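For the sequence shown, the residue numbers in the working numbering are 8 to 411.
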Amino acid sequence: MGWGQLRPVARVIASLILVVTVMALLLNPGVLASAVHRMAGITGLILAVMLLSAVLSTSKDLAAISRSLFGGRSVARYLGLSLGTGVLAIPLNFGSVGLVATMIGKQVQDGGDDAATRNASRAVIRGFGASPMGSPLSIAVALTVTLLPGLASWTLLVWSMPFALSYLMVGVWFREKELGASPSLSVSDVSGEDDLRAFWPWMRFVGLALFISLEAYALNTWAGLKYSQAVTLSCLTVIILYLVIRRLVAGTVNLPSMANVSNELAIMGGASFLGGALTVTALSSLGSDFVLPGWAYAVAVICIPWLFYAGGAVGINPILTATVFGGVLGPIWPESSIFGLGIAMVTGWGVTIAGTPYSANAILLERFTGYDARTASYGWNLSYSCLFLGLSSSLCATVVLVSS
Numbered sequence: 008m009g010w011g012q013l014r015p016v017a018r019v020i021a022s023l024i025l026v027v028t029v030m031a032l033l034l035n036p037g038v039l040a041s042a043v044h045r046m047a048g049i050t051g052l053i054l055a056v057m058l059l060s061a062v063l064s065t066s067k068d069l070a071a072i073s074r075s076l077f078g079g080r081s082v083a084r085y086l087g088l089s090l091g092t093g094v095l096a097i098p099l100n101f102g103s104v105g106l107v108a109t110m111i112g113k114q115v116q117d118g119g120d121d122a123a124t125r126n127a128s129r130a131v132i133r134g135f136g137a138s139p140m141g142s143p144l145s146i147a148v149a150l151t152v153t154l155l156p157g158l159a160s161w162t163l164l165v166w167s168m169p170f171a172l173s174y175l176m177v178g179v180w181f182r183e184k185e186l187g188a189s190p191s192l193s194v195s196d197v198s199g200e201d202d203l204r205a206f207w208p209w210m211r212f213v214g215l216a217l218f219i220s221l222e223a224y225a226l227n228t229w230a231g232l233k234y235s236q237a238v239t240l241s242c243l244t245v246i247i248l249y250l251v252i253r254r255l256v257a258g259t260v261n262l263p264s265m266a267n268v269s270n271e272l273a274i275m276g277g278a279s280f281l282g283g284a285l286t287v288t289a290l291s292s293l294g295s296d297f298v299l300p301g302w303a304y305a306v307a308v309i310c311i312p313w314l315f316y317a318g319g320a321v322g323i324n325p326i327l328t329a330t331v332f333g334g335v336l337g338p339i340w341p342e343s344s345i346f347g348l349g350i351a352m353v354t355g356w357g358v359t360i361a362g363t364p365y366s367a368n369a370i371l372l373e374r375f376t377g378y379d380a381r382t383a384s385y386g387w388n389l390s391y392s393c394l395f396l397g398l399s400s401s402l403c404a405t406v407v408l409v410s411s
């Protein structure tokens, strides 16, 4: 029904789904059953996360939060924008990019393109890139924990959160030098009083993210749900509570339209379907007794972040890459070093969406600011992405070697 609204990449994936479905029905219906099962779980998670973002985007707190990110000198502004976008991405997903990029776009229109607006754009896409690495509610973490048996979410996050924070902080040294004061990014009503007004909106959003994370952890740990299911139900719980409170306070509530999620659903849900089909086919070809030589596990985690990035550079969604790697390597990976594989997947995922032009955040940034997605991904971030891909590979290989 939404075919006319789909981008070319989404249409290609939708077409591949039909081709794979027909082939599976003719050759191996078990492949289709497994692929549909994987797609159902990730589609529910995607819809819940995007519905949460759409509902929270109506909050009046967001304007105060967004304005508060633009104050201070160059370094403070960069860190505020990158860390702030990363925090907002926990409940808002890529809605956080749309929120902050809108204000950057207004500054570009009013004051023109300069180093300050380019640095602000760098901060936003890197802040969102850190979310898959360290957010307990990210699709990357949920899918990785679901695909890798024996990997607990808290174990993965203990390692990935410091990496995500380092990714944000080191960005200070990978930006343009701003000469003198930068009036182009000064928001007129940003002051000490305005920062004080933004304190409680920030607290409410941080508290909301913490509540969802704790509920997901409880459902996963004590109710025995898969982590992706736990995150889905936690998001839906907050959506219902938020709408009920709005109804009681305002007397009326408008449900957000989900008509604009066709592309994301086709790309991410379709990537999960294709990844599930490829995984089953690969496992059938390798056989149930297939194992890698001992040294090959360290080599694999060295390559995985780079393969995520290479796939993203040609338009392959990280969900497809993660589903294939997690589905194939998860069952044969030594349990003692499974978190090394998990770190490689989520860090590779994060660097990919921040450093390639086909991700949702790069497209949103281009739409709101006018900065070309390829320029933002490669011109601004190529050396930065390569640095952290190398650090990810080194960290994961060390973890695997030490824990094996």
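Ideal Cβ positions, reconstructed from N, Cα and C, are used throughout, including at glycine. Every value quoted in this text rests on a predicted model; they were computed, and no experiment measured them.
Segment limits, alpha helix (DSSP H) that includes residue i
| i | result |
| --- | --- |
| Ala305 | 301 to 320 |
| Ser291 | 277 to 293 |
| Lys113 | 102 to 118 |
| Ile146 | 146 to 154 |
| Leu172 | 160 to 177 |
| Gly377 | Run containing Gly377: none; DSSP gives neither H nor E here. |
| Ala96 | 81 to 99 |
| Trp356 | 345 to 362 |
| Gly141 | 122 to 141 |
| Gln236 | 234 to 257 |
| Met265 | From DSSP, Met265 is part of no alpha helix (DSSP H); its letter is neither H nor E. |
| Met57 | 36 to 63 |
| Gly397 | 389 to 410 |
| Pro325 | 325 to 336 |
| Ala71 | 68 to 75 |
Where residue i falls, given that 16 or more other Cβ within 10 Å makes a residue buried
| i | result |
| --- | --- |
| Val165 | exposed |
| Trp442 | Outside the modelled stretch of the chain, which goes from 8 to 411, sits residue 442, for which no answer is possible. |
| Pro139 | buried |
| Met176 | exposed |
| Met8 | exposed |
| Ser195 | At Ser195, the pLDDT of 46 sits below 50, so the modelled position is not reliable; the number obtained from the coordinates is stated separately. With fewer than 16 other Cβ atoms within 10 Å, it is exposed. |
| Ser198 | Note on Ser198: pLDDT 48, under 50, position unreliable in the model; the coordinate value appears next. So Ser198 ends up on the exposed side. |
| Ala284 | buried |
| Arg129 | buried |
| Glu185 | buried |
| Ser401 | exposed |
| Ile20 | buried |
| Ile326 | buried |
| Ala205 | buried |
| Gln116 | exposed |
| Asn267 | exposed |
| Ala83 | exposed |
Whole-number beta carbon distance between residue j and residue i, since they are thought to touch under 8 Å
| i | j | result |
| --- | --- | --- |
| Ile97 | Leu272 | Not confirmed; about 21 Å, so no contact. |
| Ser89 | Arg125 | Not a contact, Cβ separation roughly 14 Å. |
| Tyr391 | Phe170 | Contact flag wrong, Cβ pair sits at about 14 Å. |
| Ser220 | Pro143 | 4 Å |
| Leu396 | Tyr304 | The pair is not a contact, with the Cβ atoms about 18 Å apart (cut-off 8 Å). |
| Val335 | Ala278 | At roughly 15 Å, the Cβ-Cβ gap does not stay under 8 Å, so Val335 and Ala278 are not in contact. |
| Leu372 | Val131 | 7 Å |
| Val38 | Ala31 | 4 Å |
| Asn270 | Leu13 | 6 Å |
| Gly282 | Val358 | Rounded, the Cβ-Cβ distance is 19 Å, inconsistent with contact. |
| Leu250 | Val260 | 5 Å |
| Leu215 | Val245 | 7 Å |
Cβ pair residue i, residue j closer than 8 Å
| i | j | result |
| --- | --- | --- |
| Ser235 | Leu150 | yes |
| Gly136 | Ala361 | yes |
| Phe280 | Ile24 | yes |
| Leu226 | Leu243 | no |
| Ile339 | Val298 | yes |
| Cys403 | Val308 | yes |
| Thr376 | Ile111 | yes |
| Met275 | Ile72 | no |
| Leu59 | Val107 | no |
| Ala122 | Met265 | no |
| Val407 | Gly333 | no |
| Ser399 | Ser343 | no |
| Ile224 | Ser160 | Sequence inspection shows Tyr at residue 224; the Ile mentioned does not correspond to that position. Taking 8 Å as the Cβ cut-off, Tyr224 and Ser160 qualify as a contacting pair. |
| Ala380 | Trp356 | no |
| Gly91 | Gly79 | no |
| Gly141 | Leu95 | no |
| Leu158 | Val148 | no |
| Ser81 | Val287 | no |
Near the ligand ADP: residue i beta-carbon under 7 Å from a heavy atom
| i | result |
| --- | --- |
| Leu262 | This structure lacks the ligand ADP; in fact it carries no ligand of any kind. |
(message) Contact between the segment 340 to 359 and the segment 153 to 161 is defined here as three or more beta-carbon pairs at a separation below 8 Å; is this criterion met?
(response) The segment 340 to 359 is in contact with the segment 153 to 161.
(message) Across the segment 366 to 377 and the segment 92 to 111, are there enough close Cβ pairs to call them in contact, namely three or more that are closer than 8 Å?
(response) Taking 8 Å as the limit for Cβ pairs, the verdict is that the segment 92 to 111 does touch the segment 366 to 377.
(request) Spell out a yes or no on whether the segment 320 to 336 and the segment 59 to 75 are touching, meaning 3 or more CB-CB pairs, one atom from each, closer than 8 Å. (result) No: fewer than three Cβ pairs fall under 8 Å.
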